Structure formats: C-alpha cells, structure tokens
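Chains as they are written, first to last, in the working numbering: chain A, 1 to 114; chain B, 1001 to 1115.
Written out as structure tokens, the structure reads:
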C-alpha cells in the first residue's frame, strides 16, 4: 500500500495562469475525492468520482475548475485563469465503497497565486 | 445541511496526561458516520478513529477513545497518555450514510503537547 500520491507538492504561479494537479489514489480504491483546505480551516469538499464517473460537484467548484479521472485510476484537477482566492491546499482522498470506509488522504498540493 | 463545530481552536496537554477535544454536529439524519482525523504539520491527514451512529458502544483505538452522545450530537475525542507525536491539528468529520460523497469537516483543533 503506497498510499495516495499527489503531485506537485507545491505550485507557485501568477494570477491568470492555468494549473493542473495530479492525484494517484490507492490502487484498489474506486472512489476518489478532491478537497480544498485554506489556512485554519478544515477541508471543503469539491468533487467526487466513483471509478471514472464524476458523480458530484460542490458549488465551490466554479466553471474555472475541472476534474477528470479518465480511466478510473489517477485524477487531475485543473484550474483555469487562476485568481488570488484559489490559493489553498488541494487535497485528494480515496476510499473503497461503502460509505463507512474511511478516506485516505494524500499530502496535498499547496497552490500559491502571486 | 450538516455542520460540524469544533469550539476549541487550540488545546495543550502535558506529556503523559489526558486531553479531550470537543466536537458537535448538526444533522437531521438518523444514521451516519463520524471520524476524527489527525493532520501533523506539513504531513498528510490520517484517520484516528471512527464511529458508526447506530452503534451505542464508544469506539476505542489504543490511547484514543471517543465519547459519542447521539442525542446531544456530540462526539469528543479523548487522548490518554499523551505523547509528543500527538501534536497536530485534529479534525472532526461527519459523513452521511445516504449521501456518501460528502464528508463535512470541522475547523480543527490545534493540539500542543508539552514535554
């Protein structure tokens, strides 16, 4: 069990640029989640996949955000035209069904917008 | 919508002593899951303990135990024999049994362990 892997660990970019993060879940986990965590707060749910299907998107996920999980394995989260308010830690988690199974988190990608 | 409240932004405990972290939640559902996660500085979030709402018995994992009061919608975490490695942010989380894509987290409690 290699755990949930996220890349990059840190991303610094200028406002207006596009960024893409990658998440590799635990291999046998069919559920994958993206969260955003700002300083001093708990993670906030962004979106969720079961296998390759994106089943739920939070209202926090504006149209500048898009997530994919093309083969039901790794996932990418892209933010277009980044804004200052996008600065946060982006966490990925994966789990098995059913819903009583705990989510296993990656180290996160810290995004800083200059 | 479910909300999770952690009323203690910071707590401190002396090494080897016991500390209790508070968590309350709001829900209209009768069956759900509750979790405590630990997030050490610059490290990933890891599960500490979980409780299923239909189980009356409080969950225990080694030095970690919970006091689950369903009627009061309270889910506190007790850490016994505190160790320096317990220092971290602790997040309480609620997950619906029926809407299983959404886990709600509290704002966290920063625990400091004094040697």
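Even glycine gets a Cβ: it sits at the ideal position worked out from N, Cα and C.
None of these values were measured; they are calculated from a predicted model.
Minimum Cβ-Cβ distance from residue i to chain B less than 7 Å
i	result
residue 100 (chain A)	yes
residue 25 (chain A)	no
residue 63 (chain A)	no
residue 121 (chain A)	With chain A represented from 1 up to 114, any question about residue 121 (chain A) goes unanswered, as that position is not in the structure.
residue 86 (chain A)	no
residue 49 (chain A)	no
residue 74 (chain A)	no
residue 21 (chain A)	no
CB contact check: residue i to chain A, cutoff 7 Å
i	result
residue 1050 (chain B)	yes
residue 1053 (chain B)	no
residue 1044 (chain B)	yes
residue 1094 (chain B)	no
residue 1085 (chain B)	no
residue 1068 (chain B)	no
residue 1016 (chain B)	no
residue 1107 (chain B)	yes
residue 1102 (chain B)	yes
residue 1091 (chain B)	yes
residue 1047 (chain B)	yes
residue 1025 (chain B)	no
residue 1033 (chain B)	yes
First and last residue of the uninterrupted beta strand (DSSP E) at residue i
i	result
residue 88 (chain A)	88-95
residue 1092 (chain B)	1088-1096
residue 1011 (chain B)	1010-1014
residue 46 (chain A)	44-50
residue 57 (chain A)	53-57
residue 1105 (chain B)	1103-1105
residue 68 (chain A)	65-68
residue 22 (chain A)	19-24
residue 78 (chain A)	75-79
residue 1003 (chain B)	1003-1005
residue 82 (chain A)	From DSSP, residue 82 (chain A) is part of no beta strand (DSSP E); its letter is neither H nor E.
residue 1024 (chain B)	1024-1026
Residue i in three-state terms, based on DSSP
i	result
residue 1051 (chain B)	strand
residue 1044 (chain B)	coil
residue 1039 (chain B)	strand
residue 6 (chain A)	strand
residue 11 (chain A)	strand
For residue j and residue i, believed in contact at Cβ under 8 Å, the rounded distance
i	j	result
residue 60 (chain A)	residue 44 (chain A)	6 Å
residue 1018 (chain B)	residue 1082 (chain B)	7 Å
residue 1065 (chain B)	residue 1055 (chain B)	Contact flag wrong, Cβ pair sits at about 14 Å.
residue 65 (chain A)	residue 22 (chain A)	Not really, about 15 Å apart at Cβ, beyond 8 Å.
residue 67 (chain A)	residue 34 (chain A)	6 Å
residue 58 (chain A)	residue 46 (chain A)	5 Å
residue 106 (chain A)	residue 6 (chain A)	4 Å
Residue i beta carbon near the ligand ATP (any heavy atom closer than 6 Å)
i	result
residue 1085 (chain B)	In terms of ligand content, the structure shown is empty, and the ligand ATP therefore cannot be addressed.
Counterpart residues of residue i in DSSP-defined beta bridges
i	result
residue 37 (chain A)	A:89
residue 1079 (chain B)	B:1019 and B:1064
residue 1111 (chain B)	B:1011 and B:1088
residue 109 (chain A)	A:90
residue 1069 (chain B)	B:1074
residue 60 (chain A)	According to DSSP, which records beta bridges pairwise, residue 60 (chain A) is partnered with nothing at all.
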